[in-house]
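Asker: Mind having a look at this structure? Questions to follow.
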Amino acid sequence: MNHLLPGFESQERVALLLSLTRISSPEVIAALTLHYTSALPAERAAARHGIELSNFMRGQKKLEQIAATVEAIKAIDWAKLQLTHLQSSALLTSPLQPKQVA
């Protein structure tokens with residue numbers, strides 16, 4: 315499943331995802347950033363930055379793996395947040411039981 319959409323990602327998001335990889339080639343980084351921020355096809359982004367398409371695809375695969383991990387973490391956090399919210403809502407809306415005096 316693709317978690318990154320070409321043309322719909324911000325430069326900041328792509329840069330943060332790239333920082334979680336070992337991709338170090340400035341040309342590969344530039345080509346991936348161009349592809350994901352401007353929707354330029356992979357072949358053209360690779361050619362524009364003078365890299366082989368296979369190197370671009372390897373970087374793209376790694377970036378997608380990192381994005382999948384980030385999305386999985388976000389899903390866990392979201393579920394935990396929802397559970398916490400439901401628990402606190404239940405506490406706020408439940409009627410208080412009056413103490414019985416003996």
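When you line the sequence shown up against this note's numbering, it's residues 315 to 416, in that order.
We treat Cβ as the ideally placed atom computed from N, Cα and C, and that holds for glycine.
Note that this is a predicted model, so its numbers are computed, not measured.
Using only CA atoms, which one of S352, V384, E341 lies nearest to A360?
Answerer: Of the listed residues, the one whose Cα sits closest to A360 is E341.
Asker: Kindly indicate which residue of A329, A386, A404 has the alpha-carbon position closest to the one of Y350.
Answerer: Among A329, A386, A404, the Cα nearest to that of Y350 is on A329.
Asker: Can you give me the C-alpha to C-alpha distance between L332 and S339, rounded to a whole angstrom?
Answerer: Using only the alpha carbons, I get a separation of about 11 Å.
Asker: In the structure shown, what three-state DSSP assignment does S333 receive?
Answerer: Reduced to three states, the DSSP call for S333 is helix.
Asker: If I measure Cβ to Cβ from E357 and keep anything under 7 Å in the same chain, skipping five residues before and after, which residues do I get?
Answerer: Once the five neighbours on either side are set aside, the close Cβ partners of E357 are L367.
Asker: Along the chain, where does the alpha helix (DSSP H) containing E357 start, and where does it finish?
Answerer: Note, E357: alpha helix (DSSP H), 356 to 362.
Asker: In chain order, what residues of the same chain lie with their CB nearer than 7 Å to the CB of I337, ignoring the 5 residues before and after it?
Answerer: Contacts found: I343, G373, K376.
Asker: For G363 and I390, I'd like the C-alpha separation in whole angstroms.
Answerer: Rather than Gly, the amino acid found at residue 363 in this sequence is His. Their backbone Cα atoms lie some 37 Å apart in a straight line.
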